[in-house]
Every structure is written in C-alpha cells, then in structure tokens.
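*Asks:*
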Amino acid sequence: MEILEAGGLLPERLLPPPEVPKEDALLDPNFCPYIRSLLSFLQGEHRLQAVVLMNTCDGMRRLFDVVVQYLDLPAFLLEVPRKVDESSIRYFRERLQDLVHWLERTLGVEVGQEALHGAILRGNETRTLLRGLLEEGVKASLILGLVREGFSLPREAFNDRLKEALSR
Numbered sequence: 006m007e008i009l010e011a012g013g014l015l016p017e018r019l020l021p022p023p024e025v026p027k028e029d030a031l032l033d034p035n036f037c038p039y040i041r042s043l044l045s046f047l048q049g050e051h052r053l054q055a056v057v058l059m060n061t062c063d064g065m066r067r068l069f070d071v072v073v074q075y076l077d078l079p080a081f082l083l084e085v086p087r088k089v090d091e092s093s094i095r096y097f098r099e100r101l102q103d104l105v106h107w108l109e110r111t112l113g114v115e116v117g118q119e120a121l122h123g124a125i126l127r128g129n130e131t132r133t134l135l136r137g138l139l140e141e142g143v144k145a146s147l148i149l150g151l152v153r154e155g156f157s158l159p160r161e162a163f164n165d166r167l168k169e170a171l172s173r
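The opening residue of the sequence shown carries number 6 in the working numbering; numbering runs sequentially from there.
1. In the DSSP output, what is PHE81 paired with across the bridge?
2. Do LEU151 and ARG132 count as a contact pair if the criterion is CB distance below 9 Å?
3. Starting from LEU126 and walking both ways along the alpha helix (DSSP H), at which residues does that stretch end?
4. Am I right that PHE81 and TRP107 are in contact with their C-beta atoms under 8 Å? What's the rounded C-beta distance?
5. Using only alpha-carbon positions, find the residue among ILE40, LYS168 and GLU130 that is nearest to LEU58.
6. Suppose you measure from the CA of ALA11 to the CA of ARG110; what does that come to, to the nearest Å?
7. Looking at the secondary structure, which residues open and close the alpha helix (DSSP H) in which MET65 lies?
8. Kindly indicate the opening and closing residues of the alpha helix (DSSP H) around ARG173.
9. What does the alpha-carbon distance come out to for the pair LEU138 and VAL72?
10. Assuming the contact rule is C-beta atoms closer than 8 Å, LEU32 and ARG67 should be a hit. Round their C-beta distance to whole Å, please.
11. Assuming LEU171 contacts GLU141 under a Cβ cut-off of 8 Å, what Cβ separation, rounded to an integer in Å, is found between them?
12. Check this for me: beta carbons of GLU115 and TYR96, under 9 Å apart or not?
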C-alpha cells in the first residue's frame, strides 16, 4: 500500500458486495465466492484506475488472467513468497520494484524515495495506532469498523480517525 500511496494513488481494498453471481462464463463455477464477487465488481461500474492482485491462491491467479484478457482495466499480479528467508526477501524486493515500474509506466505516476519513506512512516503510524486500540481494550467490532472505513480513506484521514477513537 505504501508504494501506491507514494505514487499519489489512493489504495482501496476491494470488498465487493456479498451477492455472488450464479453464472459467469469467465470463471469455473467452483471458484470461491470472494473471487467470483470480485470479478462481478470489476465487470461493473467502479472508479478504479488499475488493480493489483496477489498470488494468494489459484483463483486469484485465474482472476488476474481474466482481468488482463477480458476487462479494460490494467492489472498487476504481485508475487508474494510463501516463506521468509534471504532468497525470498530478495525475490519479493524485486517484485516490489517491478510493481513500482509498472505503476510508473501504466499510470504515469512517480514513486520517489522521499514519498515512499513518508508513506512508510504513515503506515507505521497506522499500525501503532491500531495496536494502541487493541491494548486499550477497544471492542474488536469498533476496530473492525474503523479498519473497513480506512480501506477507502487517505492514510492521513484514517490515522486521524484512529487517533479520535483512541482519545475516547
């Protein structure tokens, strides 16, 4: 997310409505409801400039293939290693660099080091604030509501909402 923010983009977690289409010729019927509803969302009206998907499962990789082949929406598949060791960290760093180059080429944004550093600091502040809410014993349902709201807010606004909740 910090890379997207550093490029001046507003990352948005895709949480499509729970209605899952019964029939869709682009996906096999045995794909999970999340993948099917994501495709339905992406086929409809939205304000997305592009979509970044992660290789979390076969369904997500197939969704990426469908988006690239059938939808008029730039898409990037971020390869995320399954283990943590030196070679995996190096591999993931290279994939993140690929994402930066793709964003710059596809969307015409610039992801500079200074902007990335600032986005990382804001992201770290978010994590600190969320941890503070948990340590204060704030109800999980309230935290979940804040997190869902934060999926579509600029980071600074989300951090302000978290500070507000922490000060109550």
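Here a beta-carbon is modelled for each residue, glycine too, at the ideal position from N, C-alpha and C.
*Replies:* Judging by the given coordinates:
1. VAL57
2. no
3. 118-140
4. 5 Å
5. ILE40
6. 15 Å
7. 63-75
8. That residue, ARG173, is in no alpha helix (DSSP H); it is neither H nor E in DSSP.
9. The C-alpha of LEU138 lies about 38 Å from the C-alpha of VAL72.
10. 7 Å
11. Your pair LEU171 and GLU141 checks out as a contact, with CB atoms roughly 7 Å apart and the cut at 8 Å.
12. Remark: C-beta atoms of GLU115 and TYR96 do not approach each other more closely than 9 Å.
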